[in-house]
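Structure, as structure tokens:
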Amino acid sequence: MKQVSVGVDIGGTNTAIGVVDESGHVLTKDNIKTPDHGDIDQYIQDLSAAIRKLITNAKMLNENLEVLGIGIGAPNGNYYNGTIEYAPNLSFEGIVPLVELLKKHFDDLKAVALTNDANAAAIGEMIYGGAKDMKNFVMYTLGTGVGSGLVVNGDLVYGADGFAGECGHTTLVPGGRLCGCGALGHLEAYCSAPGMKRTAFELLVKYNANNSLLADKSYKELNSKMIYDAAVQGDKVANEVFELTGHYLGQGIADTVHHLSPEAVFLFGGPTAAGDLIFKPTIKSMEDHLLPIFKNKIKVLPSKLDAGDAAIVGASALVWKELE
Ligand SMILES: [Zn+2]
């Protein structure tokens, strides 16, 4: 029998589902809209039907499949309770007992588990990716927000209530930019994709940079890909955006290193596609902020998870971790 698990990534717009094998390959995948189901019971009903259909499809390709369980990644996912709690970008309100509801449809499976999306990415890196042989590492996910997953002594750190590892909300600049969470100066307000955009506009104003390739973009349209494209063409403002983003990120990572002494820090998400543009200043700043006992020891690496399927693959890895 070939053992597989199902990964489910619940996002504000789409819920992506995939059947994933032991090596982290997606055998078949599908998605449903997250908000279009009226209430949570109908959503669970439709999600269960989509998962069943996908399992049937996978078994048509290979009848010797054994499905071990379902792993779910969701914003504000609480591993201990199997709940999604007050997720700001989801259409579900309050505390949703997602695992309990889903288990009613899948009592034949060995494991149904849920955690937040950054934790799922970290477990994916540990089970299938670049952290296979590591017991201590950290994952930073850069996107609309900045998430993180902390692995210590081979285990993901969940903390007392299941929400450990919110490195994106550490204070980087006292009294600084307003963060999406409502506090001031958090790392996420500087190092997320929207944070990079905010940096770009600050620099355009600072240099009165009418000749920058970014100068004719509106605030609404500018995104991190445009900043990357301009930086590659030698645009001064765009290059300084990456320098500053790396500077802030390295400062935050150095603090995480001081707390946990990891072997490596993995960076995941859209802005990491910029390669050296983001990695070089991040590593330099991290080294500048580290205690001497940590200097030149900590690897800062791109995630080895395939960007397109990483959320599904990461979520599916939860099942293997559950059954270890
Ligand atoms: Zn915050």
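Offset between the sequence shown (1-based) and the working numbering: plus 163.
No residue lacks a Cβ here, since even glycine has one placed at the ideal position from N, Cα and C.
Source: prediction; values computed, not measured.
Using only the alpha-carbon positions, how far apart do residue i and residue j sit?
{"i": "Lys216", "j": "Met289", "result": "29 Å"}
{"i": "Leu195", "j": "Leu210", "result": "The question names Leu, but residue 195 is Ile in the sequence shown. In a straight line, the C-alpha of Ile195 is about 7 Å away from that of Leu210."}
{"i": "Ala221", "j": "Phe431", "result": "28 Å"}
{"i": "Ala427", "j": "Ala470", "result": "19 Å"}
{"i": "Leu272", "j": "Leu265", "result": "11 Å"}
{"i": "Val167", "j": "Glu229", "result": "6 Å"}
{"i": "Gly433", "j": "Lys165", "result": "33 Å"}
{"i": "Tyr243", "j": "Ile180", "result": "22 Å"}
{"i": "Gly292", "j": "Val189", "result": "14 Å"}
{"i": "Glu365", "j": "Val395", "result": "20 Å"}
{"i": "Ser154", "j": "Asn282", "result": "Given that the chain is displayed from residue 164 to residue 487, the structure contains no residue 154 and the question cannot be resolved."}
{"i": "Asp318", "j": "Phe429", "result": "16 Å"}
{"i": "Thr197", "j": "Asp280", "result": "15 Å"}
{"i": "Ala372", "j": "Met449", "result": "29 Å"}
{"i": "Glu263", "j": "Ala212", "result": "16 Å"}
{"i": "His421", "j": "Met302", "result": "15 Å"}
{"i": "Leu453", "j": "Met297", "result": "21 Å"}
Nearest to residue i by alpha carbon, out of the options?
{"i": "Ser186", "options": "Val476, Ala393, Glu487", "result": "Val476"}
{"i": "Gly306", "options": "Ala352, Leu313, Leu264", "result": "Ala352"}
{"i": "Asp178", "options": "His200, Lys165, Val167, Gly257", "result": "The residue you asked about is not Asp; residue 178 is Thr in the sequence shown. Looking at the Cα atoms, His200 is the closest of the given residues."}
{"i": "Ile218", "options": "Ile233, Asp204, Ile207", "result": "Ile233"}
{"i": "Thr133", "options": "Met223, Ala473, Leu486", "result": "Shown here, the chain extends from 164 to 487; a query on residue 133 therefore has no answer."}
{"i": "Gly245", "options": "Ala274, Leu366, Ser381, Leu231", "result": "Ala274"}
{"i": "Ala478", "options": "Gly236, Ile214, Asp193", "result": "Gly236"}
{"i": "Gly170", "options": "Ile214, Gln205, Ala346, Pro425", "result": "Ile214"}
{"i": "Asn374", "options": "Gly397, Glu384, Lys388", "result": "Gly397"}
Near residue i, what residues of its chain come up, given a Cβ to Cβ distance below 8 Å and the 5 sequence neighbours on each side ignored?
{"i": "Gly348", "result": "Thr334, Leu335, Val336, Pro337, Gly338, Gly339, Arg340, Cys342"}
{"i": "Ile390", "result": "Met359, Lys360, Ala363, Leu377, Ala401, Val404, Phe405"}
{"i": "Asn227", "result": "Met164, Lys165"}
{"i": "Tyr382", "result": "Lys360, Phe364"}
Whose C-beta lies closer than 6 Å to the C-beta of residue i among residues of the same chain, with five residues either side of it excluded?
{"i": "Thr408", "result": "Cys354, Met359"}
{"i": "Ala250", "result": "Pro238, Asn239"}
In chain order, what residues of the same chain lie with their CB nearer than 7 Å to the CB of residue i, ignoring the 5 residues before and after it?
{"i": "Asp418", "result": "Thr333"}
Query raised in the report: Which residues have a Cβ closer than 7 Å to any heavy atom of ligand 1, listed in chain order?
Result: Gly331, His332, Cys342, Gly343, Cys344, Ala346, His349, Glu351, Ala352
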